[in-house]
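Here is the structure we will look at.
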């Protein structure tokens, strides 16, 4: 008796379905709701749900945990982190897309984009007011130019990792009372690559890592009037990797520094000024240097009494 049937219902199979039944059901459902074929936003969510259902039910250990404890058992460490739905789809169809050129060449399912790199950039109130071009230096991971990302000195030098059989990950199963905890960890032998290269065959430029580090200088154009937490994006300037076709973006997040005189409120500048009782009753004037260097004369109106605040 299974605890819940949500994943089975998602694929349209019964809890006693065989492995082949689950595969056939996933293929039918995934093709029906894949974003390359079905542009409906609701279909995208359905695609994610059926992918997660297949990920769990196609794995004997995860399915066992799900049957006994439901989704709660998986969330508590019994099922490991969920895979990317596009990766599941791609693996199921041998690394490509079954749609060919009918639906844009299957780019939605075949091209992986790297993670975005986020950098905080401190800026002064003057720079936000006047605009400023700032230079930001960062280290960027690029594909090794010497071996073109293969990691070896010659072609065919790499072999499938004998420890993880090319998966790049290993599963660790622990029994904790009535619960089964299953954890997915990076293979220590191949560092998640799925392949191994003999020491003497490793590329001298990257030591077999397939990537090297490069220093990159970005010119960040802070436009007039930009605000705290505004973002400036450099498309595809993120880290490169041979297994990722599209690098992620570099996202610059503006962080406004405190100012000794002004505070910003929307489009306004606010300033606190202490005045004595005589000034409050009789009036006063004083100069204020603006953020752009101009000097403004602040003067009260005749017979206008200044009240606190």
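Residue numbers (the working numbering): 1 to 309. C-beta atoms are modelled at their ideal positions from N, C-alpha and C, and glycine is treated no differently. Given the structure is predicted, the values throughout are model-derived calculations rather than measurements.
From 29, 276, 145 and 24, pick the residue whose C-alpha is nearest to that of residue 204; which is it? 145
Straight-line gap, residue 6 to residue 176 (C-alpha atoms, nearest Å): 25 Å
Considering only DSSP beta bridges, list what residue 122 is partnered with. 255
Are the beta-carbon atoms belonging to residue 117 and residue 238 less than 9 Å from one another? yes
Comparing C-alpha positions only, which one of 193, 260, 56 and 199 sits nearest to residue 153? 199
Identify whether residue 103 lies in helix, strand or coil by the three-state DSSP scheme. Caution applies to residue 103, whose pLDDT of 40 falls short of 50 and renders its modelled position unreliable; the value that the coordinates give is listed next. If DSSP states are grouped into helix, strand and coil, residue 103 belongs with coil.
Can you grab the Cα-Cα spacing for the pair residue 12 / residue 248, in whole Å? 36 Å
Spell out the partners DSSP gives residue 175 in its beta bridges. 180
To the nearest angstrom, report how far apart residue 214 and residue 171 are at their CA atoms. 34 Å
Step through the CB atoms of chain D and report whether any lies within less than 9 Å of the CB of residue 126. The chain inventory of the structure shown lacks chain D, comprising one protein chain alone.
So, with DSSP's three-state summary, where would you put residue 296? strand
Compute the Euclidean distance between the alpha carbons of residue 33 and residue 54, then round it to the nearest angstrom. 14 Å
Rounded to whole angstroms, what is the Cα-Cα separation between residue 207 and residue 134? 35 Å
Between the region 247 to 267 and the region 115 to 130, do three or more beta carbon pairs fall short of 8 Å? yes
So within the region 191 to 226, which uninterrupted beta strand (DSSP E) runs reach at least 3 residues, ignoring any that extend past its ends? 195 to 197 and 211 to 222
Residue 270 lies in the alpha helix (DSSP H); which residues open and close that run? Looking at the DSSP string, residue 270 is not in any alpha helix (DSSP H); the run it does join, the beta strand (DSSP E), is 268 to 271.
Which residue marks the beginning of the alpha helix (DSSP H) containing residue 277, and which one marks its end? 277 to 282
Best match in 66, 209, 56 and 272 for proximity to residue 308 [C-alpha to C-alpha]: 272
So, does the region 248 to 258 touch the region 278 to 288, judging by three or more C-beta pairs under 8 Å? no
Nearest to residue 230 by alpha carbon, out of 269, 121, 85 and 292? 121
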